[in-house]
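Protein chains: 2
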Amino acid sequence: MVSPGFACDPSPMSTNDDAKTAGGVDAGRPPRLPLTPDPAAAEGLQRILDGRWADVRERVRGFLDDPFFLPEPGLPLDEAREWLIPRLRRMAEFGLQRGSFSVAHGGTGDTGGSLTAMEMMGHANLAVMVKSGVQWGLWGGVVDALGTGRHSAYVRDIMDLKLLGSFGMTELGHGSDVQNVETTAIYDRETKEFVVNSPTPASAKAYIGNAAAHGRMVAVFAQLHTPDASGDPGESHGVHCVLVPFRDDEGNPMPGVTITDHGIKGGLVQIDNGTIRFDHVRVPRENLLNRFAEVSEDGAYSSPIDSPNRRFFTMLGTLIRGRISVGAAAGAATRSSLTIAVRYAMRRRQFEGVPGHEKTLMEHRTHRLRLLVPLARSYALALLQNRIIERLHEQEKLIAAGEWDVANPTEEQQWKQREMESRAAAVKVAATAHATATIQECREACGGAGYMAENLLTVHKADSDVFTTFEGDNTVLLQLVGKELITAYARDMSGLDPLAMLRYGVDNVGDVLWRRTSVAATVQTLVDSVTDRDEESLFHAGYQVKLFRDREQNLLKSLVRRLRGAKKMEIADAVAAVDGAQDHLIACAWARIDSLLLEAMVEEEAAMAADDPALPVFNQLRNLFALSTIATHSGWYQEQNILGRLRTKAARAAVNDLVDSLGPWAGVLVDAFAVPRALVDVPMLSETPGVDGN
Amino acid sequence: MVSPGFACDPSPMSTNDDAKTAGGVDAGRPPRLPLTPDPAAAEGLQRILDGRWADVRERVRGFLDDPFFLPEPGLPLDEAREWLIPRLRRMAEFGLQRGSFSVAHGGTGDTGGSLTAMEMMGHANLAVMVKSGVQWGLWGGVVDALGTGRHSAYVRDIMDLKLLGSFGMTELGHGSDVQNVETTAIYDRETKEFVVNSPTPASAKAYIGNAAAHGRMVAVFAQLHTPDASGDPGESHGVHCVLVPFRDDEGNPMPGVTITDHGIKGGLVQIDNGTIRFDHVRVPRENLLNRFAEVSEDGAYSSPIDSPNRRFFTMLGTLIRGRISVGAAAGAATRSSLTIAVRYAMRRRQFEGVPGHEKTLMEHRTHRLRLLVPLARSYALALLQNRIIERLHEQEKLIAAGEWDVANPTEEQQWKQREMESRAAAVKVAATAHATATIQECREACGGAGYMAENLLTVHKADSDVFTTFEGDNTVLLQLVGKELITAYARDMSGLDPLAMLRYGVDNVGDVLWRRTSVAATVQTLVDSVTDRDEESLFHAGYQVKLFRDREQNLLKSLVRRLRGAKKMEIADAVAAVDGAQDHLIACAWARIDSLLLEAMVEEEAAMAADDPALPVFNQLRNLFALSTIATHSGWYQEQNILGRLRTKAARAAVNDLVDSLGPWAGVLVDAFAVPRALVDVPMLSETPGVDGN
């Protein structure tokens, strides 16, 4: 549905009369695109979207252009699960998994290339992507990242699919709150073993991929205890990771292990999720993944990282790739879905407009709004996704080159790491929330045909659905993003304790914030060129960035003001204050996300050649993204006296004009996604007669 | 996700300072509810929700409180389809289907009771509801409504499940646009038969329930032709309905019939949807459902309704029950889902607040917003749904009593029928769009557990998903609602042609509109008590109704202004003008829907006894619905100068206060839905330790 809050009267830009009264809003308004699209624009747009690892994308496109990878809904559960194995084998033969692993463990360490390849898998089949993500990203990834030389043999077997395994982090009682998992790993000096135990029903490892059928070994996140002289297990050293074989070669549970099968889920039915419980299961001391912590034979605990808190986040930080690839794959599945829905809308005719000429769906205004507004956001997301992958790639290069010691980072590196994690969380939230909303919209936009599984939209919807709550629940991640905004601000106020420094006042938060974050010079130049706002064109890129920043900054300022007193309160009152501001914190995070998205688009646009045939189209996509976002928040902009009512009305009217202009180009816009043909060649497209009767 | 556009800063009502400056906004502000809920309130709320057919609800609750009806996801396709038959048999034994059929055909004609019973089926299993809806509502319903005495035997066999059949309206090329279906039924004088034919691939009947497996006979909607003396088939008399046996007793297609199977869908996999094509299939003349049109043996066409257009809509109008029951069942599935998600949120703990005390999910502000705002709307929808059922029931009673001749209604009856259809469309759209959004929210609010099919949320989501696009695509229905608003207005301007009268000016549209529609006297009294707006409390029910009406009226006025010139234009320009206003038309329709919802709540509240323990709770639900809707449209209200920025901020802050007040009562609010225990007793509720450790 077009959101009831969005489509609204009136549309003054259609006549241009009212709009003229809203300041210089019309200056810089892009001319309507020609009715006949230029296919050359698709190439230019694709180049932008493909980004730095364009060659990887092309290779994977060739690999994926094969019905072999297409979802086959309706298989019985066991068959569906087995169906995935040959797909993973083919990926392994192609070498798709090797970039995920460090050179030390036999991989190629090509972070950027391997994340890009995982993203591309999302075009095809999210179950294949998740299965490979469980095996190579999570299970393999944790052994690679937290293990040492003594675990290298495991890594090789994991790469070659000789050792399928599981990532045992989430517990029934603790999902996103990993620091408080209840599973214990207590060292037994006598036998030189860890005793792994699930003390309560809620401590069962839950929703674990590869648990119900294929996994043999699991990386268990547990509270680590080393008994003192009297044998008392003492305090936990915090959450650590221990390898536990949980199924024998015949597929039966190991002694002391109880496995249950989650069975059918809302999607990803091929993934064999289950729970695993441990009843005092013993594993050798060497099974501790010991890169950041070691327990000696006599039970002495040591770690290169002193602070338990930092140790915990260092271990978790190495797993950032999972979060990034989930967002990336969700974005790819969304682009596949948009490709299908847009192509259908360009063919399907319904209801007469001019007598004798039934209009295509895409010729209807509401249809343009429901597909093209999310499509513009998909462009922004793809560009932002490319940036986060590139950034992680560069960071991993520094680490591999020994210029960044993960166990002992410089203070600057710690801040960079935090910002990276916050950025990854932001992109993951943005991409997965967008996927859920947009794929649903695509399905509805195709009516009854959209509900048929063979047309893939319901499959992508069901499979991507869990992405909003796994690898970090979006609501939790949004709070992480919001808190990082406050903390980063606090840091720039000279490193004081965040809450303490709040008392110093917050009036300069904006300036500080923008000095800190890495804004592209081209974007900043555009922002600096903004003149008196009441005169500024709504289509001015720099002005749009400023409006987005206003939202972020004002929300942050008022949030900080609200929380300023919390430090002095009783704990219960402070908790109530923070809880009372939770929706505010989340609004901050969304504002931050929207800023990141717009700046990615503006930066890209500024780098395009003036004669690039893609430029006028991309310009309208950027305007569509910016102005539709402003229209969505028109209430807030007016409440804050940042935009007057004529300007918010003009923004909404411009959205209508832009979708009308882009409507005939919709095919080009999805061609630029360059989804392999076999993956979007659904029956409803050939069953529906085309515009030319074909 | 909490919509990025909704949660926003600041929350001044928490401190009450800023809010005081926003006029008398605080007057009439309801006091915060006690922290310990009163179970007696649940009874009072249930009484309101149960409405006139409370006894039917209680009977069906007993019938449904049985795991027998629970969805069993994961069955192989054939088994899943067969699984439905015993469920339908049990319904038939219970007599649930009889109310749908007229006394003349052996039913009981209890429209209200039977629609209420169908609604209750939505609590349990939408596949059972849809299968019974296909068999008794659509297939049985069309034979009952458009057939005559010569079809009575069919009706009896349909009720008893001896004759399973299909409703052959939708075509691949024409979904919502029934008037333009391509299938033909041409009378052959020689053999006294109709020749039913699908002339093009796009004319195949598509997405037809009971087609792929169980159906034996189909009611085909086709263009009816009666050849003239020369044998030329001539012009179509319009769409009529003809019974065509399409599968023999062994289940094989009849000669000339081609059946395909749609196979797996995004939900409702148990329903055997398929396509049916006819290659000059012959059926006896008597197979025409001849209540509103007859073809004599010698091929003479006659109808008690002269206008082909009115004839078409009369035939379709008799099928209004399907649309109403789809909305009703979607509402019930939503209430089941909210029951599950709210109960989970009251038990599930995550993240520490006060040390040593992990908060329940429901204690988090964002969680309250994401569940309680839609819950309040669910209350409004349930009440509005009761009203439309009651209204149809009364109308059918008049028809049965001979006081309303469907073939020759009075002018007033024609208008009432139109308004009924528009109202049914509005309720269907409101309920199904709400179901899609809310069940999705429920699933996400339960994290990983919400994704497990055994916890039913993904099942309800997948099954209800198609409700937004079948029985009338929501986007199409919204336009119908919007057009009816214009037409009704035109009628009150003394019956002129709608477009012609637009020239007369539109300034009094509001007054006219409200004189016409049947607003409860209690509601109008409240509206009339509104004082100077700037002084009025945001919590005043009459003021809220006025604000909702303002949205509806202003949108309608400006729409009419935009379309005023269309009549004088060239057809292509007029089409462009109407298309350019499509989003505006839809915004009107949503405003109308919101008005209907609020008025249903206000009317109900006004009728409650002052000492009803449910009153303070219901009052807060009404305020929550009203103020969250106003906050959603805060941009529009400010653009129109109807609300100042302090007041829209105050509305948003009040929403936060209201969900905080209602949070501890959430359990009571879903208890009042009284969903049979067996239907919401999902594993995650017993796996999660409760507040008291149970």
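Just so you know, the sequences run in chain order L and P.
In this text, residue positions in the first sequence follow the working numbering: the first is 50, and each later residue adds one.
In this text, residue positions in the second sequence follow the working numbering: the first is 50, and each later residue adds one.
Glycine residues also receive a C-beta, built at the ideal position from the N, C-alpha and C atoms.
This structure is a prediction, so every number in the text was calculated from the model and none was measured.
(1) Candidates R147(L), H289(L), N259(L) and S386(L): which alpha carbon is nearest D730(L)'s?
(2) Does the distance from the CB of I535(P) to the CB of K510(P) come in under 8 Å?
(3) In the DSSP assignment, find the beta strand (DSSP E) that holds D115(L) and state where it starts and stops.
(4) On the DSSP bridge list, what partners appear for D310(P)?
(5) Going by Cα to Cα distance, which pick from E131(P), I437(P), F597(P) and L124(P) is closest to G371(P)?
(6) Buried or exposed, going by whether 16 or more other CB atoms sit within 10 Å of the CB of N358(L)?
(7) Whose C-beta lies closer than 6 Å to the C-beta of L421(P) among residues of the same chain, with five residues either side of it excluded?
(8) What are the start and end residues of the beta strand (DSSP E) that includes Q272(L)?
(9) Under a three-way DSSP split, which group does F243(L) fall into?
(10) Quick one: which chain P residues come within Cβ less than 8 Å of K314(L)?
(11) Find the nearest neighbour of A569(P) within the set V651(P), A202(P) and N504(P), judged by alpha-carbon distance.
(12) Got a sec: which bits of the segment 520 to 540 of chain L sit with their beta carbon under 9 Å from any beta carbon on chain P, in order along the chain?
(13) Relative to the C-alpha of G316(P), which residue among E220(P), V288(P) and A176(P) is closest?
(14) Between the alpha carbons of L604(P) and A636(P), how many angstroms are there, rounded?
(15) Is the beta carbon of F516(P) less than 8 Å from the beta carbon of A484(P)?
(16) If I measure Cβ to Cβ from N457(P) and keep anything under 6 Å in the same chain, skipping five residues before and after, which residues do I get?
(17) Put A569(L) into one of helix, strand or coil per three-state DSSP.
(18) Over what stretch of residues does the beta strand (DSSP E) that includes F216(L) continue unbroken?
(19) Under 8 Å by Cβ, that's how I've got H274(L) and I235(L) pegged, so tell me the actual separation to the nearest angstrom.
(20) Going by CA-CA distance only, name the one from T85(L), I97(L), L221(L) and E443(L) that's closest to E744(L).
(21) Among W639(P), A680(P), Q687(P) and E503(P), which residue has its Cα nearest to the Cα of P116(P)?
(22) Taking Cβ to Cβ, would you say N322(L) is nearer than 8 Å to A271(L)?
(23) Does the CB of V515(P) have a neighbour CB from chain L at under 8 Å?
(24) Please classify P248(L) as buried or exposed, where buried requires at least 16 other C-beta atoms within 10 Å of its C-beta.
(25) Can you give me the Cβ contacts of G559(L) inside the same chain, cut-off strictly under 6 Å, excluding the 5 residues immediately before and after it?
(26) Out of G348(P), R384(P) and V291(P), which has the shortest C-alpha to C-alpha gap to M169(P)?
(27) Mark K606(L) as exposed unless 16 or more other C-beta atoms lie within 10 angstroms of its C-beta, in which case mark it buried.
(28) At 7 Å on the CB atoms, spell out the chain P contacts of L418(L), in chain order.
(29) Can you name the residues of chain P whose CB is closer than 8 Å to the CB of G712(L)?
(30) Give the DSSP-derived three-state secondary structure of P257(P) in the structure shown.
(31) Would you call the segment 204 to 211 of chain L in contact with the segment 139 to 156 of chain L, where contact means no fewer than 3 C-beta pairs closer than 8 Å?
(32) Is P122(L) close to chain P? Criterion is C-beta to C-beta, closer than 8 Å.
(33) Looking at the structure shown, is R611(L) part of a helix, part of a strand, or coil, going by DSSP?
(34) Measure the CB-CB distance between L673(P) and A425(P) and report whether it falls below 8 Å.
(35) Ends of the beta strand (DSSP E) at T409(P)?
(36) Determine the chain L residues that contact K180(P) at a beta-carbon separation under 8 Å, and present them in chain order.
By the coordinates alone:
(1) The candidate whose alpha carbon is nearest that of D730(L) is S386(L).
(2) Cβ atoms of I535(P) and K510(P): not closer than 8 Å.
(3) D115(L) -> no beta strand (DSSP E), and no H or E assigned at all.
(4) Beta-bridge pairing links D310(P) to G323(P).
(5) Per the Cα distances, I437(P).
(6) N358(L) comes out exposed.
(7) Apart from the 5 residues on each side of it in sequence, L421(P) sits with its Cβ closer than 6 Å to the Cβ of V708 and L711 in its chain, given in chain order.
(8) In the DSSP annotation of this structure, the continuous segment of the beta strand (DSSP E) that includes Q272(L) starts and ends at M266 to H274.
(9) Of the three classes helix, strand and coil, the one that applies to F243(L) here is strand, per DSSP.
(10) Against chain P, the beta carbon of K314(L) has neighbours under 8 Å at Y500, M501, A502 and T507, listed in chain order.
(11) Selected option, being the one with the closest Cα: V651(P).
(12) Residues are counted here when their Cβ sits less than 9 Å from a Cβ of chain P; for the segment 520 to 540 of chain L these are D522, N523, T524, V525, L527 and Q528, given in chain order.
(13) Looking at the Cα atoms, A176(P) is the closest of the given residues.
(14) Cα to Cα, L604(P) sits roughly 7 Å from A636(P).
(15) A contact, by the Cβ cut-off of 8 Å.
(16) Excluding residues within five positions, none has a Cβ falling inside 6 Å.
(17) Note: A569(L) maps to coil in three-state DSSP.
(18) That run of the beta strand (DSSP E) goes G214 to G217.
(19) The C-beta separation of H274(L) from I235(L) comes to about 4 Å, placing the pair in contact by the 8 Å criterion.
(20) There is no way to answer for residue 744(L), as the model of chain L reaches only from 50 to 743.
(21) Looking at the Cα atoms, E503(P) is the closest of the given residues.
(22) Not closer than 8 Å, so no.
(23) Chain L, which has a Cβ nearer than 8 Å to the Cβ of V515(P), makes this yes.
(24) By the Cβ-count criterion, P248(L) is exposed, with fewer than 16 other Cβ atoms from all chains shown falling within 10 Å of its own Cβ.
(25) Confidence at G559(L) is low in this model, with a pLDDT of 45, below 50, so its placement is unreliable and no value can be given for it.
(26) The shortest C-alpha separation from M169(P) is found at R384(P).
(27) Its Cβ being crowded by 16 or more others within 10 Å, K606(L) is buried.
(28) Contact note: L418(L) reaches chain P through D632, using a C-beta cutoff of 7 Å and chain order.
(29) In chain order: nothing, as chain P lies at least about 11 Å away.
(30) Per the sequence presented here, residue 257(P) reads as Ile, with Pro not at that position. Strand, per DSSP.
(31) Yes: at least three Cβ pairs fall under 8 Å.
(32) Yes, P122(L) counts as interfacial toward chain P.
(33) Of the three classes helix, strand and coil, the one that applies to R611(L) here is helix, per DSSP.
(34) Going by beta carbons, L673(P) and A425(P) fall inside the 8 Å limit.
(35) The continuous beta strand (DSSP E) containing T409(P) extends over residues E407 to T409.
(36) Neighbours of K180(P) on chain L: none; closest Cβ ~16 Å, over 8 Å.
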